[in-house]
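What follows is a set of notes on a single structure, which appears directly below.
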Amino acid sequence: MAHPLRGKTAIVGVGHAGFGDASGFTEMEILTQAALAACADAGISLRDIDGLATCSVTSGMWAMNAAESLGIRPKFIDSTMIGGSSFVEHLLPAMLALDAGICNAVLVCYGSTQRSGTVNRAAIASARRLLDAQPYEHPYGPAAPAPSYALAAARHMHQYGTTREQLAEVAVAARKWAQLNPEAQMRDPLTIEDVIGARMVADPLTVRDCCLVTDGAGAFVLTRADRARDLAKPPVHVLGNATAVWHRQISSLPDLTVTAASESGARAFEMAGITAKDADVVELYDAFTINTILFLEDLGFCPKGEGGRFVADGAIAPGGRLPVNTNGGGLSCVHPGMYGIFIMIEAVRQLRGECGERQVNGARIAVVNGNGGVLSSQSTAVLGTADTL
Amino acid sequence: MQTAGPQKQYFDALAAGALKIQRCEACSRHVFYPRVQCPHCGADRLAWVQPTGLGTVYSTTVFRRKPADGGDQQIALIDLDEGVRMMSRVENVDPAAVRIGMRVKARVAQQDGAPVLVFDPVEG
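Protein chains in written order, with numbering that gives the first Met the number 0: chain A, 0 to 388; chain B, 0 to 123.
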């Protein structure tokens, strides 16, 4: 029997703003631009929004700032902050609230001026040492995320023979998709040799294995499916969503080659009634190249340990066997601190057939996996067109 | 009656030159980092024990930083023989020569006026 939440809600509008460099604008200003774009896309007004899900890297009380600035008085508020996966995780509480009739239209939104703003990445890292103290890790360095992901990459290489070239394949595939996306920030040609020869950040990861540092804002609107039918764009239904958190610090993940996506994916797929082989397009949070390999394994696209071989020879690039990160990903499209909202937006656009040169023809089911912290939180969503209901 | 929580007790011991970790009196598993409750079985009877200090590198990286930011920084995850994992660094060896599987032994060092646990390579 189908899960009672399967397909009951739909994403009816998406929007983004401030991609790349939003100099002169605050993060709330570009968030508002993205929210207005999402509402316009849905054919509704911001006045119709009565549910709000949002969070911020810098503000612990961001939902209040957002409600105040947007001029809305939401009946449903969710400000769960579990890092970059938050905007995928925000689905399930919103689905429950909509299904229960608590509210009618939930706006999920995020904005960051991490690149151009005064509170930049370095300032955030130094504030985090005070506000989110980790006395068993911080003395050894990693307030920045790269070393933790590097430890996972090194372990995967050791345990499964994953190669430096296979990691680079992930970045090259992302760049090839970005070259088909006029909105992507990095569109120059990129080779495996370029990735491997780039400046080392944390062995074995070079700067081209790491996501971009950009500004950007994104938003989407979620309603009940019955209402979605009457709005401006074809609805994209939420077939399943689940979140899993196993740890906060990388030293507390028992096996660095297995993430909580193995749990969130299984639960989301069960709700949706699908398996990995049903996915037409896949959007994974690629903060680092190792992420894509780990999530392909953990979500069941290939056996554990085979991710490096799975992505080889352009298999996830345009024209490959599985379209992954079709906007260019956090590696080449956009990455303003937390990227999760953008994998949702890209999945919706693919299912609507709006993606131009990078469109995956006939895409009906999209699998999205958000990641937060240092491989810490994982939220998987399955989205589908109306004919998947 | 205890006068401090597990975190303070751990760092107090370290300041006195001793590495201490917890062991659950209910399920017998070792616990790190120090907690009030066993994360394995939920019992709240955790006793302090002194591990051998011997362990194995589980994973390793070198965080490449500009000299002005402190220069290259070796970072490792170490599995103690008692079965717990901790983040640390391996000293007295070229950072890039630290290998997964390398045997190491704990040592209490000083950093910024506070005790910090580091590891050195050992034979075998």
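Think of the CB as a built atom: it goes at the ideal place given N, C-alpha and C, for glycine as much as any other residue.
By how many angstroms is the C-alpha of A/G239 removed from the C-alpha of B/R64? Counting from 1 along the second sequence, the entry for residue 64 of chain B is found at position 65. Counting from 1 along the first sequence, the entry for residue 239 of chain A is found at position 240. Computed Cα separation, rounded: 42 Å.
Check each residue of the segment 186–205 of chain A: if its Cβ is closer than 9 Å to any Cβ of chain B, include it; give the result in chain order. R198, M199, V200, A201, D202, P203 and L204
With which residues is A/H236 paired in a DSSP beta bridge? By 1-based counting over the first sequence, the position of residue 236 of chain A is 237. Beta-bridge pairing links A/H236 to A/A9 and A/G383.
For A/D279, which option in A/M80, A/G304 and A/G319 has the closest C-alpha, if you only look at C-alpha atoms? Within the first sequence, residue 279 of chain A is the residue found at index 280, counting from 1. Nearest option by C-alpha distance: A/G319.
Around the C-beta of B/V121, are 16 or more other C-beta atoms found within 10 angstroms, so that it is buried, or is it exposed? Counting from one through the second sequence, the residue named residue 121 of chain B turns up at place 122. Burial call: exposed.
8 Å is my cut-off, CB to CB: does A/Y139 come that close to chain B? As a first step, residue 139 of chain A must be located in the first sequence, where it is residue number 140. True, the Cβ-Cβ gap to chain B drops below 8 Å.
A/L129 burial status per 10 Å Cβ neighbour count (16 or more: buried): Within the first sequence, residue 129 of chain A is the residue found at index 130, counting from 1. Counting Cβ neighbours within 10 Å, A/L129 comes out exposed, since fewer than 16 surround it.
Are A/L255 and A/R154 touching if we call contact CB-CB under 8 Å? Counting from 1 along the first sequence, the entry for residue 255 of chain A is found at position 256. Counting from 1 along the first sequence, the entry for residue 154 of chain A is found at position 155. A contact, by the Cβ cut-off of 8 Å.
So what does A/C108 bridge to, in DSSP terms? Counting from one through the first sequence, the residue named residue 108 of chain A turns up at place 109. In DSSP, A/C108 forms a bridge with A/T53 and A/A218.
Output the residue ranges of the alpha helix (DSSP H) runs that lie fully inside the segment 26–101 of chain A and measure 4 residues or longer, sorted by chain position. 26–41, 61–69, 85–88 and 90–98
Along the segment 17–43 of chain B, where does the CB come closer than 7 Å to a CB of chain A? Name the residues. Y32
Out of A/V257, A/E168 and A/T274, which one is the CA nearest neighbour of A/E296? Mapped onto the first sequence, residue 296 of chain A falls at position 297. It is A/V257.
Endpoints, the beta strand (DSSP E) within which A/I123 is located: As a first step, residue 123 of chain A is located in the first sequence; it is residue number 124 there, counting from the start. No beta strand (DSSP E) holds A/I123; the alpha helix (DSSP H) holding it covers R120 to L130.
Per DSSP, cross-strand counterpart(s) of B/C23: Within the second sequence, residue 23 of chain B is the residue found at index 24, counting from 1. Partner(s): B/L45.
Whole-angstrom C-beta distance between A/G50 and A/S376, which should lie under 8 Å: To locate residue 376 of chain A, count along the first sequence from 1; it is residue 377. To locate residue 50 of chain A, count along the first sequence from 1; it is residue 51. Going by Cβ atoms, the distance from A/S376 to A/G50 rounds to 22 Å, so no, they are not a contact pair.
B/S58 lies in the beta strand (DSSP E); which residues open and close that run? As a working mapping, residue 58 of chain B is identified with position 59 in the second sequence. Note, B/S58: beta strand (DSSP E), L53 to F62.
Rounded to whole angstroms, what is the Cα-Cα separation between A/M0 and B/Y32? Looking up residue 0 of chain A in the first sequence gives position 1. Looking up residue 32 of chain B in the second sequence gives position 33. If you take the alpha carbons of A/M0 and B/Y32, they lie about 44 Å apart.
Are the C-beta atoms of B/Q8 and some chain A residue less than 8 Å apart? As a first step, residue 8 of chain B is located in the second sequence; it is residue number 9 there, counting from the start. No, its Cβ sits nowhere closer than 8 Å to a Cβ of chain A.
Rounded to the nearest angstrom, what separates B/T55 and A/L95 at their Cα positions? For the purposes of this step, residue 55 of chain B is taken as residue 56 along the second sequence, with counting starting at 1. For the purposes of this step, residue 95 of chain A is taken as residue 96 along the first sequence, with counting starting at 1. If you take the alpha carbons of B/T55 and A/L95, they lie about 46 Å apart.
Within 8 Å, strictly: CB atoms of A/V220 and A/C38: Position 221 of the first sequence, counting from 1, holds the residue named residue 220 of chain A. Position 39 of the first sequence, counting from 1, holds the residue named residue 38 of chain A. Yes, the Cβ-Cβ distance between A/V220 and A/C38 is below 8 Å.
To the nearest angstrom, how far is it from the Cα of A/L4 to the Cα of A/M270? Numbered from 1 along the first sequence, position 5 holds the residue referred to as residue 4 of chain A. Numbered from 1 along the first sequence, position 271 holds the residue referred to as residue 270 of chain A. Taking the straight line from one Cα to the other gives about 8 Å.
Can you look up A/F24 in the DSSP assignment and give me helix, strand or coil? As a working mapping, residue 24 of chain A is identified with position 25 in the first sequence. Of the three classes helix, strand and coil, the one that applies to A/F24 here is coil, per DSSP.
Leaving aside the five residues before and after A/T57 along the sequence, list all residues of the same chain whose C-beta is less than 7 Å from its C-beta, in chain order. Translated into the one-based positions of the first sequence, residue 57 of chain A becomes position 58. So the qualifying residues of the chain are V118 and I123.
Contact set between B/T60 and chain A, taken where Cβ atoms lie within less than 7 Å: For this step, residue 60 of chain B is matched to residue 61 along the second sequence. Here the neighbours are P146, A149, L150, A153, A201 and D202.
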